[in-house]
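Following: one structure in structure tokens, then a few remarks.
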Amino acid sequence: MMKFNQKKDDTTNSFIRNNHSMLTSIFGTDDVTPFWVADMDFTIANPIKAELQRLVDRGQFAYEFNSQGIFQAISRWYQRRHDLNLDEENFVQVTGVLTGIALLIRELTEEGDSVLIQTPSYHQFPKVITSAGRDVVKSPLSIIDGNYVMDFDDLEVKLSEPTTKVMILCNPHNPTGRVWRHEELDKVLEIADRHNVTIISDEIHSDIIHSGYKFVSLMSLGAKNHVALIGSPSKTFGMQSISNGYIYTENSRILKSMRKLTESLYLDHGNAFTTFATIAAFEKGEEWLDELLQYLQGNIDWIKQFLVANLPLVKMFPVEGTYQIWFDFSATGLTDDSLLKVFSDAGFGASPGTWFGGESKAFARMNFANARQDITEAFERLKIALETNSQTAVSTTRATNKSCC
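Letter 200 of the sequence shown, counting from 1, is numbered 200 in our numbering, and no numbers are missing.
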């Protein structure tokens, strides 16, 4: 586990999470431990690193790509990890998940149509929808017995609207960490199928599933003609800046139109680095991933125990999937603005809840794919800051510019 447990002291790199001006605009200081971007603070798996090094050492960068090799590697991965058979012929390569979602929205809807998201929601979803000239329809998740659940009555009403043509399903869900159950997905599919709504199933976090939970892909269920799966190796293997993604669908019309669209925009293949890093990840990264999941579980357990012992008013929602934790600070009496001041004082760089929807004031999302020492030190500072800050709101205009990831 030493590969994951090394404290990182170098913040001179150009990673977005360490960007001084962005940190200052959000927290009022750049002296924070950054937990606000959904990427890993870990070294990638050796087979991926070796493949990238091979390309560099070769010293030649002529035109080279191997989309079919990528699709074969992904298909075999789904079979091994999820017992799911995905036909290699039904993939379309894209440069990333958001690119794929943007293309699908443009292909499946017209300007003025609506796309449904479930809130709280990954904050780029509304942007990718409105940038295409489509309207955002929100179906809020409900909190029942301490965890988030879908409001199927609300989904029924909103998916029945004639202008609602597409639903974006995030599974596992960002930011809440829910891994949707078989029966929940069955119900969503039944409603969408009945109203002829296509589901874009964002499964980018599907391999980050924690102890006691099981991922169910929408492609493993019925009514698959109304589903377009989208994924990427980026979250699983810490390859966010080696951008690559894929669309998978068994709807021949969507498959044909997406191939035509990506080819016309020259988005249908990656470069040598994205291509061979992706193949190496899916073919040789499994042992590294299993060790990562063990380490992440240790982080979850430590944070949970710390909150129970030291910060009982801070609610931590069950972490079923992803490496994001969703917190509710409302019992502390802090407003969203005063909570941000606490984060600033503590150097605790979590994402403000309002980034994920206005209903999430006094909430926060924390990326915990970090070295344990960084996490323990940050929570000790947070404890002190919560104890010393008053519970009255502090006026501030920070954190209005949303992050990238």
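Idealized CB from N, CA, C, for every residue including glycine.
Check your understanding: Out of curiosity, what's the CA-to-CA distance linking Gln118 and Leu185?
Key -> Between Gln118 and Leu185, the C-alpha separation is close to 13 Å.
Exercise for review: Put Asn271 into one of helix, strand or coil per three-state DSSP.
Suggested key: Three-state DSSP puts Asn271 in coil, outside helix and strand.
**Study point:** Three or more C-beta pairs below 8 Å linking the stretch 68-82 and the stretch 274-281
**Key:** Short answer: they touch.
Exercise for review: Could you check the C-alpha separation between Phe356 and Leu155 for me, to the nearest Å?
Suggested key: If you draw a straight line from the Cα of Phe356 to the Cα of Leu155, it comes to about 19 Å.
Check your understanding: Can you tell me the Cα-Cα spacing of Val97 and Ala38, whole angstroms?
Key -> If you take the alpha carbons of Val97 and Ala38, they lie about 14 Å apart.
Point to revise | At least 3 beta-carbon pairs within less than 8 Å: the stretch 236-250 vs the stretch 109-127 | key: The stretch 236-250 and the stretch 109-127 do not touch, with fewer than 3 CB-CB distances between them shorter than 8 Å.
Review point. Going by DSSP, which residues form a beta bridge with Trp326?
Key: DSSP output for Trp326 lists Arg365 as bridge partner(s).
Review point. How is Met258 classed by DSSP in three states: helix, strand or coil?
Key: Taken through DSSP and simplified to helix, strand or coil, Met258 comes out as helix.
Check your understanding: When the Cα atoms are used, what is the spatial distance from Thr397 to Gly353?
Key -> Residue confidence is low: Thr397 scores 39 on pLDDT, short of 50, so the model does not pin down where it sits. No coordinate-derived value is stated.
Review point. If you compare alpha carbons, which of Trp302, Gly69 and Lys165 is closest to Val137?
Key: Residue Lys165 is the option with its Cα nearest to Val137.
Check your understanding: Quick one: what does DSSP say Pro47 is sitting in, helix, strand or coil?
Key -> DSSP places Pro47 in helix when its eight states are reduced to three.
Check your understanding: Ala399 to Tyr248, Cα distance in whole Å?
Key -> In this prediction, Ala399 scores a pLDDT of 48, lower than 50, which makes its location untrustworthy; no coordinate-derived value is stated.
Practice item. Decide if Gln124 is buried, meaning its Cβ has at least 16 other Cβ atoms within 10 Å, or exposed. Key: Label assigned to Gln124: buried.
Review point. Taking Cβ to Cβ, would you say Ala223 is nearer than 7 Å to Leu189?
Key: At a Cβ-Cβ threshold of 7 Å, Ala223 and Leu189 count as neighbours.
Review point. Between which two residues does the alpha helix (DSSP H) carrying Phe379 extend?
Key: Where Phe379 is concerned, the enclosing alpha helix (DSSP H) stretches over Arg372 to Thr388.
Check your understanding: Do Ala350 and Met366 come within 7 Å of each other at the CB atom, strictly closer than that value?
Key -> Yes, Cβ-Cβ distance for Met366 and Ala350 is below 7 Å.
Review point. Per DSSP, what kind of secondary structure is Ser14 in: helix, strand or coil?
Key: Here Ser14 sits in coil by DSSP.
Point to revise | Stretch pair the stretch 318-335 + the stretch 361-377: three plus CB contacts closer than 8 Å | key: Taking 8 Å as the limit for Cβ pairs, the verdict is that the stretch 361-377 does touch the stretch 318-335.
Exercise for review: Provide the residue span of the beta strand (DSSP E) that contains Gly298, from first to last.
Suggested key: Element bounds for Gly298: not the beta strand (DSSP E) but the alpha helix (DSSP H), Glu286 to Asn310.
Practice item. Counting only the same chain and skipping the five closest in sequence on each side, list residues whose C-beta sits under 7 Å from that of Asn85. Key: Short of 7 Å from the beta carbon of Asn85, and not among the five residues preceding or following it, lie these beta carbons of its own chain, in chain order: Gln79.
Exercise for review: Look at Ile230 and Asp202 and say whether their C-beta atoms are less than 7 Å apart.
Suggested key: Asp202 is positioned such that its CB atom lies closer than 7 Å to that of Ile230.
Review point. Hey, quick one: how far does the beta strand (DSSP E) through Pro233 stretch, first residue to last?
Key: Taken as a continuous stretch (DSSP letters only), Pro233 belongs to no beta strand (DSSP E), as it is neither H nor E.
Check your understanding: Starting from Ser121 and walking both ways along the beta strand (DSSP E), at which residues does that stretch end?
Key -> In this chain, Ser121 is not harboured by any beta strand (DSSP E), its DSSP state being neither H nor E.
Review point. Looking at Met167 and Val216, is the spacing between their C-beta atoms short of 7 Å?
Key: It is not a contact, given that the beta carbons lie outside the stated cut-off.
**Study point:** Same chain, Cβ closer than 8 Å to Ser142, five either side skipped, listed in chain order
**Key:** Here Ser142 has Tyr148, Val149, Met150 and Asp151 as same chain residues with Cβ atoms under 8 Å from its own Cβ, once five neighbours each way along the sequence are excluded.
**Study point:** Local conformation of Val56 per DSSP, three classes
**Key:** Note: Val56 maps to helix in three-state DSSP.
Review point. Does the stretch 310-323 come close enough to the stretch 374-389 that 3 or more CB-CB pairs lie under 8 Å?
Key: These segments touch.
Exercise for review: Figure out for me which residue from Leu334, Gly270 and Thr236 has the closest Cα to the Cα of Glu287.
Suggested key: Measuring from the Cα of Glu287, the nearest candidate turns out to be Thr236.
Review point. Just the Cα atoms here: how many angstroms apart are Met239 and Phe273?
Key: Their backbone Cα atoms lie some 11 Å apart in a straight line.
Practice item. Could you have a look at Lys187 and say whether DSSP puts it in helix, strand or coil? Key: Here DSSP, grouped into helix, strand and coil, assigns Lys187 to helix.
Practice item. Using the Cα positions of Asn299 and Glu291, report the straight-line distance between them to the nearest angstrom. Key: The straight-line gap from Cα to Cα measures roughly 13 Å.
**Study point:** Segment limits, beta strand (DSSP E) that includes Met167
**Key:** Residues Thr164 to Cys170.
Practice item. Taking the CB atoms as reference points, tell me whether Thr95 and Leu267 lie closer together than 7 Å. Key: Contact: yes.
**Study point:** Close-in-space but distant-in-sequence residues of the same chain around Asn225 (CB under 6 Å, 5 per side omitted)
**Key:** Closer than 6 Å at the Cβ level, and outside the excluded window around Asn225, lie Asn251.
Review point. Are the CB atoms of Gly321 and Gly100 nearer to each other than 7 Å?
Key: It is not a contact, given that the beta carbons lie outside the stated cut-off.
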